Structure formats: structure tokens, C-alpha cells
Amino acid sequence: MEGLNFNIIDISYLDLIISLGLIIVVAGISRWQGMYLEGDLIVGAVRTLIQLLAVGYILKYIFAFDRWYLVIFIILIMIIVASLTVTQRQKKRTIELPFIVGFAMTAGSGITVFVVTQILLQIKPWYDPHYLIPLAGMVIGNSMNGSTLAIDRIDSEIKSRKMEIEAYLALGATARQAAGASIRAAMKAAMIPTINSMMVVGIVALPGMMTGQILSGTSPLIAVKYQIIIMYMIALSVAISSYVLTNIRFNRYFTSDHRLKEESL
Amino acid sequence: MNKPKIELHKIEKNKNGIAILKDINLKFFSGKKHILIGPSGAGKTTLLRLLNRMEEPTFGVILYDGENIKDIPVLELRRRVGMVFQIPIIFDGTVKDNLTVPYRLRVISHPVKQDELTKNLELSGLQSDFLERKASELSVGEKQRLTVARALINKPDVLLLDEPTSALDHAAGIKLLDSIKELNEVLGLTIIMVTHQLEYASLLGGRVIHLVNGTIVREQESEDFFLNSEII
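Chains as they are written, first to last, in my numbering: chain A, 23 to 287; chain B, -12 to 219.
This is how it looks when you write it as C-alpha cells:
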């Protein structure tokens, strides 16, 4: 079979510890240049090591256990953590925000992952963790960044377009119509990084997942095909998430009778 | 005197615990010009914004043609009661694009009638050949006229004007006032204008309502009001 005639060099724990030496060099540069990032760097490096090793063991267990509910549980955890991360990055945090973000990301990544795994790849069993977990992880991670950008942008757009919005409302526009330009700008802001990365993928940088597949012995052509699908999945997932999110978020700035809420600006 | 178009009964408006409007009882009459004057912070703009429900009163009732404005669908009310803001807000595109916005906002789209666009432009003091011009390239005075023309597309009965001349130079301000007078005479529009510029208030004429600290201190016909100017 294509791609399996490759001897993978296993990385020992000693190798991992030695690789921390790279971070020590960075810490040295930081000190030398007076950046004083050494503390954060060390913490970050250690967290990377612990978090990823933990995930590795968990995934190993899940792959071996092979149960649908465990796969769904892991994906739910990803969505919850991503939603909380998006919420934490916001200046205006509201109690409902993590739920809205979670809903938007579930919609975006759920639809996308379903279409690709069940209709396109037709994986068997439907929950095959080898496919579902990495694919969901990729789209949720990117939707998280898109959602953060979308919320930031819709908040700032509504604030800066206050007069335009009121002009629309005074002409008989609904709140949705009046906020239309803000919603479009926020969705655009969320989509641009994905579109940009589609423009340069393979030219400026090799994507992490594709690199990982090649390193683990997959034929570059298969890795590339997967990467293409992943890029398209990310685009759809970010589009759906940011659409759902911005269309829910703008409501907090309006009353049900189409008035701009001064106090929320 | 005509029948009242809009009536305010015991209106109070508080913002952040501060009383902006106190016990306002007021009538605006159909087809008449009204000018709200007073120092800044008197509550003039707030009062104006209550009339098309851009803001809600804390207490009191507002009637439009005898009906509580809360019982009129708000989008319908805002079409009947048009509004022009202090700073002209121009949308992207041409003058025509701006004028067709009210058509596009309707759920059931109305066909754009070219003659309606030019008629409203001319009524607002702009020539019909402005239609294809880029709206952002107009002068401030022309932009303000365009916002008036745009508000007219909804065929309102009442036009609210919130300091419409304050961003304009004197000549442009006078021209705009002439157009507003014409709108009142030709279309029979009920005009309610906020201004702090007494000259414009006296030029427009009509009923003057003088607000101070959220209270009406005087209400009189323009000729009588400006006979005794030291009261301002």
C-alpha cells in the first residue's frame, strides 16, 4: 500500500528532554536581548510537553477502547475548552457568551465534520477516532480563532457604526438590516485568515497536519489530499461558526423593538 | 388649529438616574412646523428621539393620530415619522443607491420609481442629475439634503430634524431651511425641528417650544416668541 514503506524513527523521552535545549537557547536570546520572556517560555515549553503527552496517552486509550461515546465526549471537551478560550479573550464577557460560542462552533464544525467523514470519506465505523478526532480538532481549533475575530469585530463595528445603524433604523430597517454591514465586516474578518492561508498553503508553509502525516510515513500525495480537504473544511466551518455567532451576538445591542441599546455600547 | 398629529402625555425620561425630561405634555399639529429650542442638555434631542421610538420614555404615553405609538408596529411608525440627524449619514454608493435604501428595507420589495427619486431630490433642493453622483463626494450641505430626500422616500407624514443645520455653513443652512419650509407647504409634512440656532428657528417659523432642564418653559407661535428675545 502506498505510503507504508517508511521506517518511522521513534522519539524517545530522552530525545524530548534534549529537545527542550532548543527552548533554553531561546531563553538565552530572550535574556541577552532583555526581552525577559524566559519565565513564560519555560512554562509554555513544559505545558506543551505535559499537555501533548497527556493527549497522546488519552488518544492511545481512546483508539484502543474504540467506543463512539468516548469519541463524542472528547469532541465535546474540545468545543467546551475552545468556547471558554474564546470567551476569555473578550473584553465584554457575558454569562451567555460561552454558550453562544459553543453553539456556533458545534454548528460549524458539526456540519463540516459530518459532511466530510460521513458523506465524502464514508468512514467505518462512523465514529472511527483515527479520523474523527484529528479532523474535528483541526476545524474546532480554526473555528475558535475565527470566532474570536468575529466577536471582536462585531463589537467594534457596531460601536463605530452607531450613527449609520441609527440612520438605517430611522428609515424603517429592522435591527438585523441595520447591523448588516457590521455582521458582514465581522464575518469577513473571521474568514480572511483562512482565505489567506489557502492562498499560500504549500508555497510559504507546509501545514502542520500534512507535515505530521509525511513524517509518520504517509505518501506526500495522500497527505496533500487530506490537507486539501482539511483546508476546505476549515473554510466552511469558520464561515458557519462566524455566521451563527455574529447573527446571535448583534442582538445584544438591540431591543426586541429594533432600538439600539445605548447602555450596551 | 389643526388636529394633533402627535401628543405627549406626562412624559418623563430618566437616564442613569438623571431626569432628562420632566412631566412633558405637548401636542404637535398636523401639517404644522414646530421648533424645539433650548440650551444644550435641555432634553430637545431626547424628546425628538421618543417620537419615532429611537428611545423609550420612562413614564408617560405618546399618541400618534390618537393611537398609542407602542401599538403601531415600530418599523411602520418610523416610516411614517422620518428622521434627519445632526450629522448627515451617507451610505456607500451613489445618490441613487442612497435613495433606494428605503425600498430595499421593505420585506415586500417595492419597485423603484425613477420619477419619485427625482421628485424627492428636487423637493430637497438637489437637481435630478445628482442621481448618478457618488454620495461621498457631495458637500456637507448636499449630503444633508440627500438625507432629507432619502427620508422622504418612505412618504412620511412627520419629519423629525435634529439640528439639521448645525454641521452646515450659514448659506447651506439657510438653503436647507428653505427646502424644509417648502416640504411643509407642498407636501403638508408635519415638521418638528430641534435647533439651538435662534436665527434658523425664527426663519423657519411655526410653533416654538422652549425647553430648559427637561421642562417646557414656553410654547408660542414664532412671531410672538421672537418679539421678546431676552427670554432665551
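From the three backbone atoms N, C-alpha and C, an ideal C-beta is built for every residue, glycine too. Predicted model, so just to flag it, every value in this text is computed and none were measured.
Reference residue i; option with closest CA among the options
{"i": "ILE31 (chain A)", "options": "A:ILE155, A:LYS247, A:GLY234", "result": "A:GLY234"}
{"i": "LYS277 (chain A)", "options": "A:GLU60, A:ARG198, A:LYS146", "result": "Per the sequence shown, residue 277 (chain A) should be read as Thr rather than Lys. Considering only alpha carbons, the answer is A:ARG198."}
{"i": "ALA104 (chain A)", "options": "A:GLU284, A:LEU287, A:ILE162, A:SER263", "result": "A:ILE162"}
{"i": "GLN140 (chain A)", "options": "A:PHE125, A:ALA158, A:VAL123", "result": "A:ALA158"}
{"i": "LEU171 (chain A)", "options": "A:ILE252, A:THR109, A:GLU60, A:SER34", "result": "A:THR109"}
{"i": "GLU186 (chain B)", "options": "B:ASN171, B:THR177, B:ASN200, B:ALA158", "result": "B:ALA158"}
{"i": "LEU133 (chain B)", "options": "B:PRO143, B:ASN141, B:GLY175, B:LEU113", "result": "B:LEU113"}
{"i": "MET41 (chain B)", "options": "A:ILE99, A:VAL223, A:ALA192", "result": "A:ALA192"}
{"i": "ILE252 (chain A)", "options": "A:LEU142, A:SER286, A:SER204", "result": "A:LEU142"}
{"i": "GLN112 (chain A)", "options": "A:ALA129, A:VAL65, A:ILE176, A:ARG53", "result": "A:ILE176"}
{"i": "ILE46 (chain A)", "options": "A:SER34, A:LEU36, A:ILE33, A:VAL68", "result": "A:VAL68"}
{"i": "PHE213 (chain B)", "options": "B:THR177, B:ALA188, B:ILE203, B:VAL204", "result": "B:ALA188"}
{"i": "GLY69 (chain B)", "options": "B:ILE77, B:SER126, B:PRO98, B:ILE179", "result": "B:ILE179"}
{"i": "GLY168 (chain A)", "options": "A:SER219, A:ILE39, A:LYS181", "result": "A:SER219"}
{"i": "LYS31 (chain B)", "options": "B:GLY47, B:GLN207, B:GLU210, B:ILE203", "result": "B:ILE203"}
{"i": "LEU42 (chain A)", "options": "A:ILE64, A:ILE51, A:ASN29, A:TRP54", "result": "A:ILE64"}
{"i": "THR70 (chain A)", "options": "A:ARG271, A:LEU38, A:ILE173, A:MET127", "result": "A:LEU38"}
{"i": "MET127 (chain A)", "options": "A:LEU267, A:ILE236, A:GLN55", "result": "A:LEU267"}
{"i": "GLY53 (chain B)", "options": "B:THR33, B:HIS(-4), B:LEU86", "result": "B:HIS(-4)"}
Where residue i meets chain B, residues with beta-carbon distance less than 7 Å
{"i": "THR196 (chain A)", "result": "LEU62"}
{"i": "MET209 (chain A)", "result": "Within 7 Å Cβ-Cβ: nothing; MET209 (chain A) doesn't reach chain B, min ~17 Å."}
{"i": "ALA189 (chain A)", "result": "PHE72, ILE76"}
{"i": "GLU179 (chain A)", "result": "Per Cβ cutoff of 7 Å: no residues; GLU179 (chain A) is ~14 Å from chain B at best."}
Within chain A, partners of residue i - CB distance below 7 Å
{"i": "PRO89 (chain B)", "result": "LEU193, GLY194"}
{"i": "ARG40 (chain B)", "result": "ASP279, ARG281"}
{"i": "LEU92 (chain B)", "result": "LEU193, GLY194, ALA195, GLN199"}
DSSP state of residue i mapped onto helix, strand, coil
{"i": "HIS197 (chain B)", "result": "strand"}
{"i": "ARG40 (chain B)", "result": "coil"}
{"i": "PRO(-9) (chain B)", "result": "strand"}
{"i": "ILE101 (chain A)", "result": "helix"}
{"i": "LEU26 (chain A)", "result": "Because the pLDDT of LEU26 (chain A) is 49, which lies under 50, any placement of that residue in the model is unreliable, and the number read from its coordinates should be weighed accordingly. DSSP places LEU26 (chain A) in coil when its eight states are reduced to three."}
{"i": "MET57 (chain A)", "result": "coil"}
{"i": "ALA138 (chain B)", "result": "helix"}
{"i": "ASP84 (chain B)", "result": "helix"}
{"i": "ALA6 (chain B)", "result": "strand"}
{"i": "VAL71 (chain B)", "result": "strand"}
{"i": "GLY175 (chain B)", "result": "coil"}
{"i": "LYS19 (chain B)", "result": "coil"}
{"i": "ASP102 (chain B)", "result": "helix"}
{"i": "LYS121 (chain B)", "result": "strand"}
{"i": "ILE250 (chain A)", "result": "helix"}
{"i": "GLN207 (chain B)", "result": "strand"}
{"i": "LYS283 (chain A)", "result": "coil"}
{"i": "GLU54 (chain B)", "result": "strand"}
{"i": "GLU(-1) (chain B)", "result": "strand"}
{"i": "THR240 (chain A)", "result": "coil"}
{"i": "PHE213 (chain B)", "result": "helix"}
{"i": "SER153 (chain B)", "result": "coil"}
{"i": "THR233 (chain A)", "result": "helix"}
{"i": "ILE40 (chain A)", "result": "helix"}
Under 9 Å by beta carbon: chain B residues contacting residue i
{"i": "GLU60 (chain A)", "result": "Per Cβ cutoff of 9 Å: no residues; GLU60 (chain A) is ~47 Å from chain B at best."}
Beta-carbon neighbours of residue i, restricted to chain A and to distances below 9 Å
{"i": "ARG65 (chain B)", "result": "LEU191, ALA192, LEU193, GLY194, ALA195, HIS280"}
Contact set between residue i and chain A, taken where Cβ atoms lie within less than 8 Å
{"i": "ARG137 (chain B)", "result": "LEU193"}
{"i": "ASN141 (chain B)", "result": "LEU193, GLY194"}
Residues that residue i contacts on chain B, provided the C-beta gap is smaller than 8 Å
{"i": "GLU9 (chain A)", "result": "Within the shown structure, residues of chain A are numbered from 23 to 287, placing residue 9 (chain A) beyond reach of any answer."}
Exercise. Examine the Cβ distances between the segment 128 to 137 of chain B and the segment 266 to 276 of chain A and report whether three or more of them are shorter than 8 Å.
Key: no
Quiz item: Do the segment 114 to 125 of chain B and the segment 147 to 166 of chain B touch if we need at least three Cβ pairs shorter than 8 Å?
Solution: As far as the Cβ criterion goes, the segment 114 to 125 of chain B does not touch the segment 147 to 166 of chain B, which means the pair count is below three.
Quiz prompt | Completely contained alpha helix (DSSP H) runs for the segment 109 to 159 of chain A, where each covers 4 or more residues | solution = 119 to 136
Quiz item: Contact between the segment 133 to 147 of chain A and the segment 253 to 264 of chain A: three or more CB pairs below 8 Å?
Solution: yes
Quiz prompt | Contact between the segment 188 to 200 of chain B and the segment 21 to 37 of chain B (3+ Cβ pairs under 8 Å) | solution = Touching, yes, given that three or more Cβ pairs across the two stretches are closer than 8 Å.
Quiz item: For the 8 Å Cβ check, are there 3 or more pairs between the segment 87 to 95 of chain B and the segment 167 to 184 of chain B?
Solution: no
Quiz item: Which ranges would you report for the alpha helix (DSSP H) in the segment 167 to 230 of chain A if only whole runs of at least 4 residues count?
Solution: 184 to 192, 197 to 200, 202 to 222
Quiz item: Between the segment 145 to 152 of chain A and the segment 85 to 102 of chain A, do at least 3 Cβ pairs fall closer than 8 Å?
Solution: yes
Quiz item: If you scan the segment 57 to 94 of chain A from start to end, which runs of the alpha helix (DSSP H) of 4 or more residues do you find wholly inside it?
Solution: 60 to 87
Exercise. Decide if the segment -12 to 2 of chain B is in contact with the segment 240 to 251 of chain A; the criterion is three or more beta carbon pairs, one per stretch, under 8 Å apart.
Key: no
Quiz item: Does the segment 116 to 130 of chain A come close enough to the segment 202 to 217 of chain A to have 3 or more Cβ pairs within less than 8 Å?
Solution: Contact between the segment 116 to 130 of chain A and the segment 202 to 217 of chain A is absent, because fewer than three Cβ pairs lie under 8 Å.
Quiz item: Is the segment 41 to 50 of chain B touching the segment 71 to 83 of chain B, taking contact as three or more C-beta pairs under 8 Å?
Solution: no
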